[in-house]
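Here's the structure we're looking at; comments come further down.
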Amino acid sequence: MESDKYRRFLEKQAEKNPVKIEGSTDNKGFKITWNNVRDEPKRGSSSDILDSLYLGKNMEETVIIERKVAGLLKDRLRGLEDENLRLRKRLTTLKILLIALGTSLLFVFILLFSLLIPQFRIIL
Amino acid sequence: MDIRSKILQLEKEINLRFVGNEEAIRMMILNQLHPRSTTLIRAGRGVGKSTLMLLLLKGICGDDLVVVSGASEVKRGEVVGRLHIPSLEKEGIEKVLWAAFIQSKGKALDEVNRLNPYTTANIHHLMQFGEVWAYGKRARVGDYVLIANENPMDATSFIHPPPFYDRFDICLFLRSLTLSEKFQLQEILEKYDWNLISSMPQVVSFDELEEARKEVATIELDPSVVGNINLLVRDFQACIRDKEESEIKPPALCEGCHFIRDICGTIREPLSERATVALTHLAKAAQWLNGKCEFEDILRMALLVFPHRLTLVRTRNIINDMVEILERERVKMADRNVRKQWSLLNELLKDFNRAAYGLAREAAIEDVVFAEELIRLEDQWINEGRLRRDDTLSTQMGWRRPSYQGVPF
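Note that the protein sequences, when read in sequence, are chains A and B.
Mind the numbering: the first sequence is residues 2 to 125 in my numbering, read in order.
Mind the numbering: the second sequence is residues 10 to 418 in my numbering, read in order.
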């Protein structure tokens, strides 16, 4: 049971940013158009890059993006870079741990080997 | 002069006596336009917390105001009421004499951080239920204006629980004066004979304020405004790993989460629903007083409604941190419009549509609040046999609504 105000909010948002759905309701022969009623994006506006990101369309030779979209992408890039740095740090820590573990295992192996074969101890 | 003009006049009179912090004063005025309003002022020593508190209370209540000082109340516990000894001795009846603080319309709490736990509990109960208890007797408290102040840097006597602070509608942060503002203050002090509080006239009577409060309550907000308020608060609450119920909190909880870079990852203890109520009250007041309430206004209001209600994962400067998060929120809202996700949801609410669902799924991967709504619809479509459980976003991403044996709770 949806709240009436919730439905009105969605309808209002749909009025501002309409999508037009044409054709049958199954997968085939279906078309969704993203119509902008108030500010139709000009050719070469940020719609190019967003369409390529969300709809997999090819971009024009030159792509111009709006400030807010650039801000969004910048924020995401920064987030990904931070995540990348964090993961690299973790990777370095894990590498050090792995080397330490390998060295310890080698010592244990040599120790066991020397216990089993006394001659090996003499060699050492 | 009509009530609206009187409210604006009140703001003007305060601005004549208080230098700077105009935005804080405007929000403080807006916050008085709903019943049982509560305001908290946080600032360092000598910045003007008590002055601002008293200026507003004098402007509304005149002399019908009582100040309880936290510093002195450490010793006494009679803020609510005391026993009438002669009645007890002569007639054996426990009669309670309710304190002036309870009876007055204007209630001021100076240095609330120093209030003893007994007094705090009583005031907490007053703000929650509009009543007070003393010696087993109850007294209903009518409409009022309550303003408190505290210095968070002060060595406090008692640490109050977060639910107590949650009862304050807004929290104002005052800043110290710049060089030019200090000159302004000296001129003002000389103009009012070094007594700002005594010079403050009562601009609005409490009856007029109650009338204004009734008018504001009847204001119907635009669905977009209501939607933006709910979205904003939800963004500060939502967690795909259910942090509200989890014993593990962010950042540990966010390890490996798809939404690790989102706003939800910066919030340790989320907002309560009182934040929605406070924002709605302020939006209605702004609509009534200014004739409009835009998304930008809501963001500015959020800066005063959110900070005392949540805990961030890392706090350096709460106001700067909140400004940063709210700026990200602005980008997030624009992103939602660009993806047209609410339009898609609107279509999906009318009827299931596989192509629209495909696009909605892509949007859901970018937005935890939208994902919650889509997952809820997925459950409905599975029950109707329109979608297989294996094909859903919730199954493929491992996101589930809290439920037991298929029944959500």
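Using N, Cα and C, we set each Cβ at its ideal position, and we do this for glycine too.
query = From residue 6/A to residue 232/B, what distance separates their C-alpha atoms?
reply = 6 Å
ask   = Starting from residue 70/B and walking both ways along the beta strand (DSSP E), at which residues does that stretch end?
value = Taken as a continuous stretch (DSSP letters only), residue 70/B belongs to no beta strand (DSSP E), being part of the alpha helix (DSSP H) at 58-70.
key: CB contact check: residue 73/A to chain B, cutoff 9 Å   = yes
inquiry  = Just to confirm, is the Cβ distance from residue 209/B to residue 35/B under 9 Å?
reply    = no
task = Would you mind telling me which residues of chain A sit closer than 8 Å to residue 151/B, beta carbon to beta carbon, in chain order?
result = In chain order: nothing, as chain A lies at least about 30 Å away.
query = Opposite residue 91/B in the DSSP bridges: which residues?
reply = 106/B
ask   = Any idea if residue 325/B is buried or exposed, counting beta-carbon neighbours within 10 angstroms, 16 or more meaning buried?
value = exposed
message = Does residue 153/B pass the burial test, meaning 16 or more other C-beta atoms within 10 Å, or should it be called exposed?
response = buried
key: Extent of the continuous alpha helix (DSSP H) to which residue 244/B belongs   = 232-244
inquiry  = Using the three-state DSSP reduction, which class does residue 214/B fall into: helix, strand or coil?
reply    = coil
query = Thinking C-alpha only, which one of 222/B, 282/B, 163/B is nearest residue 53/B?
reply = 163/B
inquiry  = Taking CB distances under 9 Å as the criterion, tell me whether residue 356/B reaches chain A.
reply    = yes
request  = State yes or no: is the beta carbon of residue 19/A nearer than 9 Å to at least one beta carbon in chain B?
outcome  = yes
ask   = Would you say residue 22/A reaches chain B, if we count a Cβ-Cβ gap shorter than 9 Å as a contact?
value = yes
query = With a cut-off of 8 Å, do at least 3 Cβ pairs link the segment 323-338 of chain B to the segment 352-372 of chain B?
reply = no
request  = Tell me, please, whether the segment 43-51 of chain B touches the segment 113-121 of chain A by the rule of three or more beta-carbon pairs shorter than 8 Å.
outcome  = no
query = Whole alpha helix (DSSP H) runs in the segment 317-361 of chain B with 4 or more residues, listed along the chain?
reply = 327-348, 350-359
query = DSSP state of residue 43/A, grouped into three classes?
reply = At residue 43/A the pLDDT is 48, less than 50, meaning the model places this residue with poor confidence and gives no usable figure here.
inquiry  = Against residue 76/A, what residues of chain B qualify as contacts under a CB-to-CB distance less than 7 Å, listed in chain order?
reply    = 337, 340
message = Less than 9 Å between the beta carbons of residue 6/B and residue 316/B, yes or no?
response = Here chain B covers residues 10 to 418 and nothing more, so residue 6/B does not appear.
request  = Taking only the alpha-carbon atoms, compute the straight-line gap between residue 237/B and residue 101/B and give it to the nearest angstrom.
outcome  = 58 Å
query = Nearest-angstrom Cα distance between residue 30/A and residue 395/B?
reply = Confidence at residue 30/A is low in this model, with a pLDDT of 49, below 50, so the placement of that residue is unreliable and no value is reported for it.
request  = Using the DSSP secondary-structure output, state which residues sit across from residue 382/B in a beta bridge.
outcome  = Note: residue 382/B sits in no beta bridge, so no partner.
task = Would you mind sorting residue 413/B into buried or exposed? The rule is 16 or more other CB atoms within 10 Å of its CB.
result = exposed
Coarse secondary structure for residue 297/B, derived from DSSP in three states = helix
query = Looking at the structure shown, is residue 272/B part of a helix, part of a strand, or coil, going by DSSP?
reply = helix
ask   = Using a beta-carbon distance cut-off of less than 9 Å, what residues from the segment 99-125 of chain A approach chain B?
value = none
request  = Return no unless some Cβ of chain B is closer than 9 Å to the Cβ of residue 13/A.
outcome  = yes
query = Whose CA, out of 348/B, 375/B, 383/B, 378/B, lies closest to the CA of residue 363/B?
reply = 383/B
DSSP-derived helix/strand/coil call for residue 421/B = The first residue shown for chain B is 10 and the last is 418, placing residue 421/B beyond what the model contains.
query = Can you list the residues of chain B that residue 9/A reaches, using a CB-CB cut of under 7 Å?
reply = 232
request  = With distances taken Cα to Cα, identify the nearest neighbour of residue 299/B among 350/B, 285/B, 228/B.
outcome  = 228/B
message = For the beta strand (DSSP E) containing residue 158/B, name the first residue and the last one.
response = 154-159
Close Cβ partners of residue 174/B (< 8 Å) along its chain, the five nearest in sequence each way excluded = 49, 180, 317, 318
task = Report yes or no: do three or more beta-carbon pairs, one from the segment 117-124 of chain B and one from the segment 56-73 of chain B, lie closer than 8 Å?
result = yes
task = Within its chain, find whatever has a CB closer than 7 Å to the CB of residue 219/B; leave out the 5 residues flanking it on each side and keep chain order.
result = 152
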